[in-house]
């Protein structure tokens, strides 16, 4: 049993920066236990590293460290979808009180 | 004949011969959208500038301009960014989001002369296989109003089947183009990972997201893909292989070896088995050979998918903080929250070895086994869904049951292979597709086989009776 207790649900929600209601915490506790117990069957699969290959033979793609001006958003464009801005910046909650 | 029933080829002929204009064609679709969209919820947003775009296409044509999709009204799924319209990914979190740039796919479609008629509905962020997880009204199946459409490209499936647009785009992360293809009696394509750029499509799982077409016919899909595909500097996983004109090479004398993977048929409903076997028989009658195979890792494909893809979901959606765009994270729907939670747990300290790392190792084994098997056959043939389109609301209460709808489509996403759902005989009076999976970047063979299946069944001739 991988039982996901309400306490663990709260911990995961904190890691995921996800606000959950009390109802959701209880609901997720049982649903996540159910799902993860099922997924746990994967531990039965014996892994043979000699018989494994990546899904595509890709190599790293690099480019010159140069600014491509055609891709740059203007400050106005970058801010256009923010709900709160201040003097040309994104406005965020204060970290220090 | 109603122009909205035309295939791409016949619509293009009509436009070229001046039998109708793009404005007239677009207007016909807009009238149907106005009539049916309030009930069917195929579109999240209809483009108020669609007729302006159509007029511009007509003007280009009058000047003698030739473009592959000139004046063709089509609909990107609402997670493909198009800077002239809002892109919601069907989540209220992005209700007012107007992108500052276009996705590569939409840029290519616009450069090819297409008219964006609207943006189609989906399971928000791509999270679902039924179409029911959306903040913009659940799409209804054109062939059975009280049933689901398949997801997550639910709106594109509905819109194409109901003649609300000529073609739609979709993003297939775990089956999202093939599933609505199967349930809506249209063709749904998942190209090889790396064939089509992911740039500007709101990411679900970066290692499996594959953008592709939903269309009425295989030929339409083949032509549409040849426009969408290609190398893109803005997506480093796209490859530099040339893009064939798939649609010009659909006829072939080749005799294929077709693989039936035992694990795809285990526990399959008898009615489904019968219909799939009949389709295979028709292919045999054409002189193709059938070979029976086993790919043991397929049995574990769903857990591999869930534990890796959900971790990528958690990571990709961490950017939505309500600061630079959109609303706060409490605007995520419950299914999205569930997936973020599972994914976060799967990759978190103390659990990653059991879940995420084991799933990644398993994925590599599955890929290896697919590769080995595809050295002995040209394609795998099998079902898309393990059961027919269910009633809206029927499975929603049990997330695990819902997730397992994806069991037959996720393997090709994990391995990166191209796959298509092509319509065959209905089961219980409801649409059903045949899945064809091919070697990496061998979309040509996939379309050739699909084209023959389509010739055998000609399901595109059916029209749903809309309510």
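Chains as they are written, first to last, in the working numbering: chain V, 74 to 170; chain D, 8 to 474. Note that the Cβ used here is the ideal one computed from N, Cα and C, for glycine as well.
Per DSSP, the unbroken beta strand (DSSP E) holding residue 220 (chain D) starts and ends at 217–222.
Nearest CB-CB separation between residue 139 (chain V) and chain D: not below the 8 Å threshold.
Residue 177 (chain D) is positioned such that its CB atom lies closer than 8 Å to that of residue 160 (chain D). Taking all protein chains in view, the Cβ of residue 255 (chain D) is surrounded by fewer than 16 other Cβ atoms within 10 Å, so the residue is classified as exposed.
Contact check for residue 170 (chain D) against residue 128 (chain D) fails: the beta carbons are separated by 8 Å or more. Looking only at D:157, D:57, D:166, the smallest Cα-Cα distance to residue 117 (chain D) is reached by D:57. Annotation for residue 178 (chain D): the continuous beta strand (DSSP E) segment containing it runs 174–179.
In the three-state reduction of the DSSP assignment, residue 377 (chain D) falls in the helix class. If you ignore the 5 residues before and after residue 60 (chain D), its C-beta comes within less than 6 Å of the C-beta of 122, all in its own chain and listed in chain order. In the DSSP assignment, residue 110 (chain D) falls outside any beta strand (DSSP E) and carries neither an H nor an E.
Across the set D:410, D:299, D:232, the C-alpha of D:232 shows the shortest separation from the C-alpha of residue 119 (chain D).
Sixteen is the threshold: when 16 or more other Cβ atoms of the shown chains lie within 10 Å of the Cβ of residue 68 (chain D), as they do, the residue is buried. Taking 8 Å as the cut-off, the beta carbon of residue 197 (chain D) is found no closer than this to the beta carbon of residue 354 (chain D). Contact holds between the segment 346–360 of chain D and the segment 315–329 of chain D, because three or more Cβ pairs, one in each stretch, are under 8 Å apart. Among the CB atoms of chain D, one or more fall inside 8 Å of the CB of residue 127 (chain V).
Note on geometry: alpha-carbon atoms of residue 391 (chain D) and residue 301 (chain D) lie some 18 Å from one another. By the beta-carbon neighbour count (other beta carbons within 10 angstroms, threshold 16), residue 455 (chain D) is buried. By the CB criterion at 8 Å, residue 389 (chain D) and residue 267 (chain D) fall inside the cutoff. Taking the beta carbon of residue 85 (chain V) as reference, the chain D residues within 8 Å of it are 348, 351, 352, 355, listed in sequence order.
Between the beta-carbon of residue 385 (chain D) and that of residue 264 (chain D) there is about 5 Å, and that keeps the pair under the 8 Å contact cut.
Of D:218, D:90, D:227, D:369, the smallest CA-CA separation from residue 311 (chain D) is found for D:369. Taking C-beta separations shorter than 6 Å and ignoring five residues to either side along the sequence, the partners of residue 453 (chain D) in its chain run 425, 427, 443, 445, following chain order. For residue 105 (chain D), the neighbours in chain V by C-beta distance under 9 Å run, in chain order, 153, 154. Judged by DSSP in its simplified three-state form, residue 265 (chain D) adopts strand. Where residue 162 (chain D) is concerned, the enclosing alpha helix (DSSP H) starts and stops at 161–168. For residue 244 (chain D), the chain V residues whose C-beta falls within less than 7 Å of its own C-beta are 131, listed in chain order.
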